[in-house]
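Engineer:
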């Protein structure tokens, strides 16, 4: 298949280049926003894991107290 030359007016060419520059800028902005969202999600996951661990600790202590009160001879 033979390639044919494409002719573009200079002002349209410059407009296309400007548009491409704008699109690239928007892509960079979107990447930055996505990276920030990912960072925030990681922080949130870390906090949720810490809260989960704290709740499990409290639950173990409550279970121990509950069993100690209901079966005191077992823990003496």
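Numbering (the working numbering), first residue to last: 31 to 106. Even glycine gets a Cβ: it sits at the ideal position worked out from N, Cα and C.
How many Å lie between residue 71 and residue 101 at the Cα?
Structural biologist: The sequence position of residue 71 within the chain shown is 41, counting from 1. The sequence position of residue 101 within the chain shown is 71, counting from 1. If you take the alpha carbons of residue 71 and residue 101, they lie about 44 angstroms apart.
Engineer: Mapping the DSSP letters down to three states, classify residue 160 as helix, strand or coil.
Structural biologist: Coverage of the chain is limited to positions 31 through 106, which leaves residue 160 absent and any answer about it impossible.
Engineer: In the DSSP assignment, find the unbroken alpha helix (DSSP H) run with residue 90 in it and report its ends.
Structural biologist: For the purposes of this step, residue 90 is taken as the residue at position 60 of the chain shown. Where residue 90 is concerned, the enclosing alpha helix (DSSP H) stretches over 40-100.
Engineer: Express the C-alpha separation of residue 81 and residue 99 in angstroms, rounding to a whole number.
Structural biologist: Residue mapping note: residue 99 aligns to position 69 of the chain shown, counting from 1. Residue mapping note: residue 81 aligns to position 51 of the chain shown, counting from 1. Taking the straight line from one Cα to the other gives about 27 angstroms.
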